[in-house]
Amino acid sequence: MSDFLTMGYPWVKVLHVISVISWMAGLFYLPRLFVYHAEQAGSGNPTDTLFQTMERRLLQTIMTPAMIGSWIFGLMLVVTPGVVTWSEVWPWSKALAVLAMTWFHFWLAARRKDFAAGQNQLSGRRYRMMNEVPTALMIVIVASVIVRF
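Mind the numbering: the sequence shown is residues 0 to 148 in numbering that gives the first Met the number 0, read in order.
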């Protein structure tokens, strides 16, 4: 199995990067949709229905499959011999940031359900602030992998 992972390493890395880019695009866009949904659409009107459709499709069709791909290909990279040195700090800081990113994904999914149920309690300003979370986590992840501190 380790020979397969070593030989396939470049392609697994390609698939991981593509998955991460797709996931990040959704993590940046969904909170922005929530901003406009909270500020511009009341509950139960055509605009509300349109936002709900956009949010559901983004989450189910792009974000969740991309998150799953990021995890699968990332774990394949982790178990490839010679890729990760666990005595260093960087894999741990990256792992914590990825776990936080995953939590944020599920937090967004819960907020989507709130909108669908007509029970959103958060303001557009709050969603604007939460929109910065994936950026901060991305900085930690990229710096961890490239600088390898």
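All residues carry an ideal CB built from backbone N, CA and C; glycine is no exception.
Suppose contacts are defined by Cβ-Cβ distances below 9 Å. Is residue i in contact with residue j by that definition?
i    : j    : result
P117 : Y35  : Residue identity check: residue 117 is Gly in the sequence provided, not Pro. Cβ atoms of G117 and Y35: not closer than 9 Å.
R111 : L58  : yes
S86  : F148 : no
M62  : L98  : no
A115 : Q51  : yes
S1   : P64  : no
V139 : A96  : yes
M66  : L32  : no
L121 : A37  : yes
M6   : M137 : no
Y8   : V83  : no
M129 : F103 : yes
Grab the span of the alpha helix (DSSP H) containing residue i for me, first residue to last.
i    : result
I20  : S1 to Q39
S42  : No alpha helix (DSSP H) holds S42; DSSP gives it neither H nor E.
P80  : Run containing P80: none; DSSP gives neither H nor E here.
S92  : W89 to A115
L136 : V132 to V146
P128 : Rather than Pro, the amino acid found at residue 128 in this sequence is Met. Per DSSP, M128 belongs to the alpha helix (DSSP H) from G123 to M129.
Am I right that residue i and residue j are in contact with their C-beta atoms under 8 Å? What's the rounded C-beta distance?
i    : j   : result
L76  : V11 : 6 Å
P133 : L49 : Not confirmed; about 24 Å, so no contact.
S143 : W89 : 4 Å
* Using 8 Å as the threshold, is the stretch 68-76 in touch with the stretch 14-28, meaning 3 or more CB pairs across them? -> yes
* Could I get the ranges of all uninterrupted beta strand (DSSP E) runs contained in the stretch 52-81, with 3 residues as the minimum, in chain order? => none
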